[in-house]
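Residue numbers (full-length UniProt numbering), protein chains in the order written: chain A, 1 to 351; chain B, 1 to 351. Report on one structure; see the data block that follows.
2 protein chains.
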Amino acid sequence: MKPWKTNIRRVTPYVPGEQPKGEHLIKLNTNENPYPPSPFVKKAMDEMDYGLFRKYPDPASSVLTEALCEYYQIGEDEIFVGVGSDDVIAMAFLTFFNSQKPVLFPDVTYSFYEVWAKLFQIPYITPALDEDFLIKKEDYYRENGGIIFPNPNAPTGVLMPLSEVEDIIAHNQESVVIVDEAYIDFGGVSAAGLIKKYENLLVVQTFSKSRSMAGMRIGYAMGNRDLIRALNDVKYSYNSYTMNMPSQILGAAAVKDDRYFKETLDKIITTRERAKERLSRLGFKFPDSMANFIFASHKEKSAEEIYLALKENQIFVRYFKQPRLDSYLRITIGTDEEMRQLYDFLEEFLS
Amino acid sequence: MKPWKTNIRRVTPYVPGEQPKGEHLIKLNTNENPYPPSPFVKKAMDEMDYGLFRKYPDPASSVLTEALCEYYQIGEDEIFVGVGSDDVIAMAFLTFFNSQKPVLFPDVTYSFYEVWAKLFQIPYITPALDEDFLIKKEDYYRENGGIIFPNPNAPTGVLMPLSEVEDIIAHNQESVVIVDEAYIDFGGVSAAGLIKKYENLLVVQTFSKSRSMAGMRIGYAMGNRDLIRALNDVKYSYNSYTMNMPSQILGAAAVKDDRYFKETLDKIITTRERAKERLSRLGFKFPDSMANFIFASHKEKSAEEIYLALKENQIFVRYFKQPRLDSYLRITIGTDEEMRQLYDFLEEFLS
């Protein structure tokens, strides 16, 4: 092997989920929002001056952080924005998980936590979810170098009540606790209200799901200003200009349209609740989901078989071929019409 | 100190350059292009469907990489795109500079190289430029864990002839050599033509200067497909969806307007050559610049004094208050009208 090749960092390359292309397919595999972003986004885009692109963007993304502070009623030193919540969480791993003690996160959870821990050589332990896919909060009452979990959890959709989230934070005031709320807007109560009470709490959210802007790459973290300052210091030391102008401008516009946001959420929640009934009647079982997807297993047919049959018919859902998960399908909540086509197919296929 | 605070990563926070706001100021301090992006960018923006933003962007940024491959006549496995060249170069440090041997870069150069080396705990040595701010290629004929230098160099603007760049690459076929060509389009010859000859060569360019799109955050690297695959593996292992949809779509549009690109470059080069004459007559001396800025020192007045007087008059240039650089000003080439106002002020101030 060439000497320069021996110095290349070895990683396990992540294979992003399928991004099938075509006109008539139904894409229920990546938890995207089935509705477009707010019309405020369109208006802001129409008014955006392309001539400004010649300049560097505001490194502090002020127009966006101001909109978020106004929305959440927090201070500008209590928010950090990044290029998607993946960027925000990776930066948080790098910034906060620097002890020799293991970081804790569930065994069944967002797969990137393990990837970042390995990349940054952070030791970690993954307490197992119970047989109902619930996080056992007592597993997190032990010495650690930091804690992270999603709420609702992924890919299960299970929501932990805020009181239990608070128990975990309260038991771990010597560590930074990160609550990853990518799916919180679909029915949960955010821990963001606790950031003034617990200075070790970081709450991460995203525009990719509830705000229909996965294509724009916008994530953010809320927390005590010491945490936020530390995140900004690491960010500025690495790459000052990360969020481009359109994300800043269009992101701010989206936040200002709370009515559209709530209406869209209501539609998705209504469709999800209906999906629970329909899928039950079709013979599926699943933990109760408070996210924009349902993690479902069929009583008779194998998940892989259903996955392949759906795919054959241009309906894409997510199938994880790995222990504990391989009897489930993660089905994103689409529009009513998309879901109707899903039920129609399943009804015929499963009968 | 709270226990969680002791685990926070300590960094030297970078302070981004001044981004003064106002209508009548003249901003010659961050090497932005004084002309707007191509009208093709405006057209693509007008045609962009905001409804698509609900979906994740293409993780491979294919529309953009295809446009770049077409332009540079290289294969799609020979290009990597990132969120500005800072993102690309930081990823390259993380990917390629993994030996215990020191990485080499000039003592006077782009300040982020040292920042990334420290952040990723990469040992480094910084050979000094000679008294005329030239890189001495022989300094790079020694054992090392990798090499990086900008061509033209920053903040000097000095271009190294391609033959000397090739000498450095040829002498270091056991290391990865990165040529950072942020300013190459303003009069230099790119090393990109050498990527098929040297499999250890990575050439990095950006849309922020010559393509007037600093606000969009687009950078790219060209190199042997083994290098590109390694970069993509690290990127995908860290954050799969980094470049948002507008950057992919508008970046591709910009690349397709070669005529506008060349015209804009010609204007800036003409203005720069005139600036060399004018600044000489005003008593400045400077290394010959082939970038979109001039690194100039005045025979009599101190750089700091001139910097402050200009600032007072709403003309912003860059002043580095540090050894070896503090008798120089880095003046970005603006429009002819902006430069005229600069000369007018200097003429009066220096007389």
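Yeah, the Cβ is synthetic: ideal placement off N, Cα and C, and Gly gets one too. Small disclaimer: the values here were computed from a predicted structure and weren't measured.
{"Check": "Three-state secondary structure (DSSP) of MET243 (chain A)", "Outcome": "coil"}
{"Check": "ALA214 (chain A) vs ALA44 (chain A) beta-carbon contact at 8 Å", "Outcome": "no"}
{"Check": "Status (buried if at least 16 other CB within 10 Å, exposed otherwise) for LYS101 (chain A)", "Outcome": "buried"}
{"Check": "Cβ neighbours of LEU159 (chain A) in the same chain (closer than 6 Å, five flanking residues each side left out)", "Outcome": "PRO152, GLY188 and MET290"}
{"Check": "Straight-line gap, VAL179 (chain A) to GLN322 (chain A) (C-alpha atoms, nearest Å)", "Outcome": "25 Å"}
{"Check": "ARG318 (chain B) (DSSP reduced to helix, strand or coil)", "Outcome": "strand"}
{"Check": "Collapsed DSSP secondary structure at GLY75 (chain B) in the structure displayed", "Outcome": "coil"}
{"Check": "Per-residue DSSP class, three states only, for THR206 (chain B)", "Outcome": "strand"}
{"Check": "Residues near ARG211 (chain A) in its chain [Cβ-Cβ closer than 6 Å; skip 5 each side]", "Outcome": "ALA254"}
{"Check": "Test item: CB-CB of ASP77 (chain B) and ILE228 (chain B) under 8 Å", "Outcome": "yes"}
{"Check": "Backbone CA spacing between SER175 (chain B) and LEU250 (chain A) [nearest angstrom]", "Outcome": "43 Å"}
{"Check": "Proximity test, Cβ basis, 8 Å: THR95 (chain B) and chain A", "Outcome": "yes"}
{"Check": "Three-pair Cβ contact test at 8 Å for the region 255-273 of chain B versus the region 232-243 of chain B", "Outcome": "no"}
{"Check": "CA-to-CA distance, GLY157 (chain A) to ASP288 (chain A), given in whole angstroms", "Outcome": "7 Å"}
{"Check": "Three-state secondary structure (DSSP) of MET222 (chain B)", "Outcome": "strand"}
{"Check": "Residue range of the alpha helix (DSSP H) that includes ILE168 (chain B)", "Outcome": "162-170"}
{"Check": "LYS43 (chain B): first and last residue of the uninterrupted alpha helix (DSSP H) it sits in", "Outcome": "39-47"}
{"Check": "Short CB-CB distance (under 8 Å) between PHE186 (chain B) and chain A", "Outcome": "no"}
{"Check": "As assigned by DSSP and simplified to three states, the class of THR332 (chain A)", "Outcome": "strand"}
{"Check": "Endpoints, the alpha helix (DSSP H) within which SER85 (chain A) is located", "Outcome": "84-96"}
{"Check": "Interface partners of ARG217 (chain B) on chain A, CB under 8 Å", "Outcome": "PRO57, TYR241, THR242, MET243 and ASN244"}
{"Check": "Cβ-based burial, TYR56 (chain B) [other Cβ within 10 Å; buried from 16]", "Outcome": "buried"}
{"Check": "Near-chain B residues of the region 10-42 of chain A - C-beta to any C-beta below 9 Å", "Outcome": "ARG10, VAL11, THR12, PRO13, TYR14, VAL15, PRO16, GLY17, GLN19, LYS27, THR30, GLU32, ASN33, PRO34, TYR35, PRO36, PRO37, PRO39, VAL41 and LYS42"}
{"Check": "Option in A:ASN31, A:VAL83, A:ARG259 and A:ALA92 with minimal Cα separation from ASP233 (chain A)", "Outcome": "A:ALA92"}
{"Check": "Distance between beta carbons of GLU18 (chain A) and PHE316 (chain A), contact taken as under 8 Å", "Outcome": "6 Å"}
{"Check": "Contact with chain A by SER247 (chain B), beta-carbon distance below 8 Å", "Outcome": "yes"}
{"Check": "Minimum Cβ-Cβ distance from ASN313 (chain B) to chain A less than 8 Å", "Outcome": "no"}
{"Check": "8 Å Cβ cutoff met for ALA230 (chain A) and VAL204 (chain A)", "Outcome": "no"}
{"Check": "Within chain B, the residues that LYS136 (chain A) reaches when beta carbons sit closer than 7 Å", "Outcome": "By Cβ distance, chain B contributes nothing, its closest Cβ being about 23 Å from LYS136 (chain A), past 7 Å."}
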